[in-house]
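So the sequence lines, in the order shown, correspond to chains G and F.
If you read the first sequence in this note's numbering, its first letter stands for residue 1, the second for the next number, and so on.
If you read the second sequence in this note's numbering, its first letter stands for residue 1001, the second for the next number, and so on.
Here's the structure, in structure tokens; my notes come after.
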Amino acid sequence: MQIELEINGERDTYEVAPATRLIDLLRREGFQEVKKGCDEGHCGSCTVLLDGMPVLSCVMFAAQADDQSITTIEGIGTIDDPHILQREFVDKGAVQCGFCVPGMILSAKALLEENPSPEEDEIKRGLDGNYCRCTGYVKQIEAVQSAAKKMRGDA
Amino acid sequence: MSKTRDFSEVNQNVEKVDGMALACGQDKYVADFETGDELHLKILRSPHAHARIKNIDASEAEAMDGVAAVLTHEDVPRVAQTTAGQGYPEPSPYDSFMLPRKVRFVGDRVAAVAAESEALAEAALEKIEVDYEVLEPVLDPRDSMKEDAPVIHDEDDCHTVIPIPFEPERNLASSVEFEHGDLEEELEKCDVVVENEYEAQYAHHCPVEPHICIVRKDPHGRLVITTSTQVPFHVRRIVAERLEMPEKKIRVIKPRIGGGFGGKQEVLIEDITAAMVLETGRPVKFEFNRREEFASSRTRNHEILDMAVGADTDGRIQAIKMHILMNTGAYGSHCLTIVCNSGSKVLPLYNKANAISFKGTVVYTNLPSGGAYRGYGATQGYFAIESLLDELAEELDMDPVELRKINHIREGETSPVFAALGEGKEGVEQTIESCGLEECIEQGKEAFGWDEREKRRETGDKTKKRGFGMCTLMQGSSIPEIDMAAASIKMNEDGSFNLHMGATDLGTGSDTVLSQIAAETLAVPTDDIIPYSSDTDMTPFDVGAYASSTTYLSGRAVKKCASNVRDQILERGAKMLECDVDDVELGYKEVAGPDGETVSFSEIAVHSLYEADQRQIAAHESSISHKSPPPFSAHFAEVEVDTETGKAEVLRYVNATDCGTAIHPRLAEGQCEGAVLNGISYALTEEFQFSSKGKLVNASFDSYNVYKMTDLPDMETILVPTYENTGPYGAKSVSEIGINGPLPAISNAIYDAVGVRMRTGPFTPDRILEALEE
Ligand code: FES
Ligand code: FES
């Protein structure tokens, strides 16, 4: 079947089987920044934004995303012009192996859009679905807090 | 000893060299090298804990459309080997095969399929008919050496390559013993003796990226293995041996990898994938699914520790007994060295004991294999000794902090354990040159509010009890007189440098830290260093990322190499300035002559490459260490126990850690934080649950709990600087030590809260309730 997706701002049609999962379509089409950690809906590394809301692309069929917009980590910033969250993750030491980071930052972006001044608890709840085994989360929370501040223009 | 020095690149939070590329999803992990032309490899895994394969019929699977090949033990070389990526020849028994004739745990390899898609490969697995002779399994290490226990390694080609104790006919994978003084006699003399048994459980590393490799042939027929590994050079050697081909036919590349924690210090995927490439002539990808990651990779070794400590009335420790029964599971990968480390990284901390009795008995069972895991045996050892010391403090009616202060090792001191216990053989004597433990204890206590803890005990809720626990720790930095690291550096026209090193960045940031060390030595910004690591064709050798060695050992190699290059630059600068080399000085990206005239690095590079007496300014250097200077740490935990549900919650956790000079303080803190949270998760929830037949039943993230962000307590990390003279710019290791603290610190805090000693991990609500009821 054919579906139409807007991925990182570019609309296109894609040929998929009904059982094709979104992650497989994305990675097949070159969006390899979408990471596959557990492949069973638990780790959050495959998180993308679907019409701005975080979803796990490994437990979703591509067809379910038909006619919607998808944002991957490439869609929010580049090395030369990173998103504030990307900048803060790097500066605060929130990136170790980095495997969880695309998903983590996308969840954070969705959180901050809904709640520009989250309390620490709200950050924890918002990012709870994104596992990180390297950092102990301390610096990731710090990065989100500091990005939130900068995005609000308080710093 | 001076604690802080003036540095411009080290001890600074420079930008992590791969940080932004990772945050933008640009840098590549193994899976990102997939081009679509690969076959997908899947392994048929044993459903039995112990069985002999009588017959395998793969004909139906082979005949399926889209299936390129099936390999069974009849198709591949039978080479007994260890999967442990460690110094060669390895002190681990050679007891495993690419495809075994006998399966030894649920999840062991039986056969391999390569097909055009993962789904096809999986479908083909179902079509393989295996006829097993099912054998009785050994599922409890306490049973392994009983008279009538089934023998797990009964094939006569398993062996050892260096003389280590190995009696497979008794299920003894290895053993070690060390006696200092007379334990019984000393215990007899002690005023207070405490004894108990502790049990540290199975656990998994849970890297977010699973084991994965892609193997292809290059145009010259060489195998190029792109793999998520901590030990690229060991992978090359082990695969070469397994496939009976020379190393020159193999190139191993480690791109970015998504965490390892010891689990990727093991050759678990590359051999069979390479064999499949040889069989099919096609590129092949093999990626563990989560079940395989849990059940068929490697684990934290399950240890049962029989302990005793004796002291005089003043609290001076006189005698320590540590007798360990270690369960290595089906294969003995790393087994002897891990049990040695349970003693060698732990016992020297209390170096004034007159008598020490250390025994490690490592047995096989038909359960998943142990292997390297952050902490490497020390985690288990510290659980036992630091919990027992809490019991001792109670007997003595002494503050547990005071007890540590009286007894811990200090600068200028040594321990007989260093010389006695090494990596499966004798160790290396060493005197401690840097120890910030006193300071760690003081600063940790202060930040935690240890002395004011009674004020926080009241919860205002009768069912909620609060308690406080602490512990002290040390680890090591590299394996002395065994491990080697090498680096090479060359200079470019713009005054930048390529730094090539075997060292393996598994997400820890070592590419950054080692670049900082090079930059500091060469007086350039870290930005002028272009690091490239872990490619067996392109970079010099390094044993890999383990044993807390990279910053210390690879850092020494990089510093030595950069010093050599710096000398060449000075020489060239002097020549250009027409003065004696003794009269020039290294400035920031320049060489200055006696009268203030300068030549820039760029001018020097261009001069040497194009103008006169042309040569490449470059060097390569190697380093082996002669000691393993320990980092030290003090941990403090505040825990609340709900006496109705049995749930223990960590409210606050402080670790104060001496890692010498922190080359990159923020990354060093990150190592502490990650290790501590992994340790807390291990202490409170992580364990393997087996069926009565030995099958791991919680091989998924929905049943094996890993701490998530909402589980994070209030955590504080304090870096306590010391200067280790033998380390690069004073650095010691930091990556492992933090994981050793939570089991004992939390166990001690639980006791302080509700008066029950948790001597078996993890401290789940069920276990705590049960203990409360007793
Ligand atoms: S890969 Fe999708 S949640 Fe883990
Ligand atoms: S940085 Fe490695 S999993 Fe988060």
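Just so it is clear, CB atoms sit at the ideal spot from N, CA and C, and this is done for glycine as well.
Just so we're clear, the structure is a prediction, and the values are computed from it rather than from any experiment.
Item                                                                                                                                : Value
Residue 23 (chain G) Cβ short of 8 Å to ligand 3 heavy atom set                                                                     : Ligand 3 is not among the ligands present in this structure, which contains only ligand 1 and ligand 2.
CA nearest to the CA of residue 1238 (chain F), picked from F:1263, F:1274, F:1118 and F:1727                                       : F:1274
Residue 1599 (chain F) versus residue 71 (chain G): straight-line alpha-carbon distance, rounded                                    : 50 Å
Segments assigned beta strand (DSSP E), at least 3 residues, entirely inside the stretch 1470 to 1521 of chain F                    : 1484 to 1491 and 1497 to 1501
Contact test: residue 128 (chain G) Cβ vs ligand 1 heavy atom, cutoff 8 Å                                                           : no
Proximity test, Cβ basis, 9 Å: residue 109 (chain G) and chain F                                                                    : no
Contacts of residue 38 (chain G) in chain F (Cβ-Cβ under 9 Å)                                                                       : 1208, 1210, 1289, 1290, 1293, 1700 and 1701
Cα-Cα separation between residue 78 (chain G) and residue 1529 (chain F), rounded to whole angstroms                                : 22 Å
Burial state of residue 110 (chain G), where buried means 16 or more other Cβ atoms lie within 10 Å                                 : buried
Check: residue 222 (chain G) C-beta below 8 Å from any heavy atom of ligand 2                                                       : There is no way to answer for residue 222 (chain G), as the model of chain G reaches only from 1 to 155.
Where residue 1322 (chain F) falls: helix, strand or coil (DSSP)                                                                    : strand
Three or more C-beta pairs below 8 Å linking the stretch 1406 to 1423 of chain F and the stretch 1369 to 1382 of chain F            : no
Segment contact, 8 Å Cβ cut-off, at least three pairs: the stretch 1443 to 1452 of chain F with the stretch 1044 to 1058 of chain F : no
DSSP-derived helix/strand/coil call for residue 68 (chain G)                                                                        : coil
Residue burial classification, residue 1266 (chain F) (beta-carbon count within 10 angstroms, cutoff 16)                            : buried
As assigned by DSSP and simplified to three states, the class of residue 1081 (chain F)                                             : strand
Near ligand 1: residue 1076 (chain F) beta-carbon under 8 Å from a heavy atom                                                       : no
Element boundaries [alpha helix (DSSP H), containing residue 1577 (chain F)]                                                        : 1555 to 1577
Closest residue to residue 1130 (chain F) among F:1118, F:1109 and F:1733 (Cα-Cα distance)                                          : F:1109
Min CB distance residue 1248 (chain F) to chain G below 9 Å                                                                         : no
DSSP-derived helix/strand/coil call for residue 1253 (chain F)                                                                      : strand
Cross-chain neighbours of residue 1032 (chain F) in chain G, by beta carbon under 8 Å                                               : 32
Listed by chain order, chain F residues near residue 46 (chain G) by CB distance under 8 Å                                          : Going along chain F, no residue has its Cβ under 8 Å from residue 46 (chain G), so there is no contact; the nearest lies around 11 Å.
Three-state secondary structure assigned by DSSP to residue 1376 (chain F)                                                          : coil
Cβ-heavy atom distance, residue 1263 (chain F) to ligand 2, below 8 Å                                                               : no
Proximity test, residue 97 (chain G) beta-carbon vs ligand 1 heavy atom, cut-off 8 Å                                                : no
Under 7 Å by beta carbon: chain F residues contacting residue 101 (chain G)                                                         : 1022 and 1023
Contacts of residue 1425 (chain F) in chain G (Cβ-Cβ under 9 Å)                                                                     : Neighbours of residue 1425 (chain F) on chain G: none; closest Cβ ~33 Å, over 9 Å.
Cβ-based neighbour list, residue 1159 (chain F), same chain, cut-off 6 Å, excluding 5 preceding and 5 following                     : 1094
Cβ-Cβ distance between residue 1286 (chain F) and residue 1272 (chain F) below 9 Å                                                  : yes
CB contact check: residue 1256 (chain F) to chain G, cutoff 9 Å                                                                     : yes
Coarse secondary structure for residue 1001 (chain F), derived from DSSP in three states                                            : Per-residue confidence for residue 1001 (chain F) stands at a pLDDT of 43, beneath the threshold of 50, marking its modelled position as unreliable; no derived number is given.
Nearest candidate by alpha-carbon position, reference residue 1594 (chain F), set F:1579, F:1663 and F:1304                         : F:1579
Reference residue 1047 (chain F), options F:1073, F:1225, F:1359 and F:1137, closest by Cα                                          : F:1137
Reduced DSSP category for residue 1371 (chain F) - H, G, I as helix; E, B as strand; rest coil                                      : coil
Residue from F:1195, F:1270, F:1646 and F:1499 with nearest C-alpha to residue 1030 (chain F)                                       : F:1270
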